[in-house]
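S.K.: Reading the sequence shown from the start, the letters are residues 0 to 170 in numbering that gives the first Met the number 0.
Have a look at the structure that comes next, please.
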Amino acid sequence: MQGCVHVYTGNGKGKTTAAVGLAVRAAGQGLRVAFVQFLKTGASGEVPALEKLGVTVVSPPAPEKFLWQMDAAEKMACAAGQQAILARAAALMPTTDLLVLDEVICTLEAGLVPRAQLDALLDSRPAALELVLTGRGADAALLARADYATEMRCLAHSFEAGRPACKGIEY
Numbered sequence: 000m001q002g003c004v005h006v007y008t009g010n011g012k013g014k015t016t017a018a019v020g021l022a023v024r025a026a027g028q029g030l031r032v033a034f035v036q037f038l039k040t041g042a043s044g045e046v047p048a049l050e051k052l053g054v055t056v057v058s059p060p061a062p063e064k065f066l067w068q069m070d071a072a073e074k075m076a077c078a079a080g081q082q083a084i085l086a087r088a089a090a091l092m093p094t095t096d097l098l099v100l101d102e103v104i105c106t107l108e109a110g111l112v113p114r115a116q117l118d119a120l121l122d123s124r125p126a127a128l129e130l131v132l133t134g135r136g137a138d139a140a141l142l143a144r145a146d147y148a149t150e151m152r153c154l155a156h157s158f159e160a161g162r163p164a165c166k167g168i169e170y
């Protein structure tokens with residue numbers, strides 16, 4: 000079986016949700032699934048559900064601040080952590096049928112993960128591995144490597160009305 004590269008990007012809601020749905024489907028068919036989160040705490044609702052299905056979930060410790068609030072030293076420490084998570088994801092590839100890199104595209108855009116490190120992972124991907132990358136801001140070079148590319152476009156969002164994130168819906 001030839002695996003594909005999936006990219007879920009755009010400014011709309013649903014990138015992680017789509018990746019979770021694919022992970023659930025794959026796990027339900029007996030595939031070995033790993034779901035690797037970047038820039039998240041592991042406290043979102045999908046984590047315990049995925050773990051109950053036997054999905055390997057990797058969540059880094061979340062930064063205590065948003066990137067725009069960090070000083071240079073804090074950004075360097077955050078970058079080192081994100082790069083370590085990507086290295087861990089690469090190590091999972093030989094024993095995984097579906098690998099989700101949730102929000103990895105955001106780490107590229109923020110300069111936390113070097114493009115060369117993600118390219119190396121893509122270049123060393125086993126032929127049968129399904130690989131999903133999510134996050135806002137996928138560039139043309141990344142989209143060119145995708146077999147599936149989906150852009151989520153925001154038409155309306157509850158944040159615009161001043162509503163906070165809703166447990167079970169946004170996280």
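Just so you know, even glycine gets a beta-carbon here, dropped at the ideal spot from N, CA and C.
Compare the beta carbon distance of Asp-101 and Ala-18 with 8 Å and say whether it is the shorter of the two.
M.R.: Taking the first residue of the sequence shown as 1, we reach residue 101 at position 102. Taking the first residue of the sequence shown as 1, we reach residue 18 at position 19. Taking 8 Å as the Cβ cut-off, Asp-101 and Ala-18 qualify as a contacting pair.
S.K.: Assuming Phe-34 contacts Thr-106 (C-beta within less than 8 Å), just tell me the rounded distance between them.
M.R.: Residue numbering aside, residue 34 sits at position 35 when the sequence shown is read from its first letter. Residue numbering aside, residue 106 sits at position 107 when the sequence shown is read from its first letter. Not quite, the Cβ-Cβ distance comes to about 16 Å (not below 8 Å), so this is no contact.
S.K.: Taking the Cβ atom as the reference point for each residue, do Gln-1 and Ala-126 lie within a distance shorter than 8 Å?
M.R.: Locating residue 1 in the sequence shown gives position 2, counting from the first residue. Locating residue 126 in the sequence shown gives position 127, counting from the first residue. It is a contact, given that the beta carbons lie within the stated cut-off.
S.K.: Which residue from Met-75, Ala-148, Arg-87 puts its Cα closest to that of Lys-14?
M.R.: If you number the sequence shown from 1, residue 14 lands on position 15. Checked all of Met-75, Ala-148, Arg-87; the closest Cα to Lys-14 is Ala-148.
S.K.: Would you say the segment 1–10 touches the segment 136–145, given that touching needs at least three Cβ pairs under 8 Å?
M.R.: yes
S.K.: So, helix, strand or coil for Glu-102, using DSSP?
M.R.: Working through the sequence shown from its first residue, we reach residue 102 at position 103. In the structure shown, Glu-102 sits in coil (DSSP, three-state: anything other than H, G, I, E or B).
S.K.: Ignoring anything shorter than 3 residues or poking outside the segment 120–169, list the beta strand (DSSP E) runs there in chain order.
M.R.: 129–133, 147–150
S.K.: Could you pull the start and end residues of the alpha helix (DSSP H) that Val-23 belongs to?
M.R.: Translated into the one-based positions of the sequence shown, residue 23 becomes position 24. Segment 14–27, the alpha helix (DSSP H) holding Val-23.
S.K.: Pick helix, strand or coil for Gln-36, following the three-state DSSP scheme.
M.R.: The residue given as residue 36 occupies position 37 in the sequence shown. Here Gln-36 sits in strand by DSSP.
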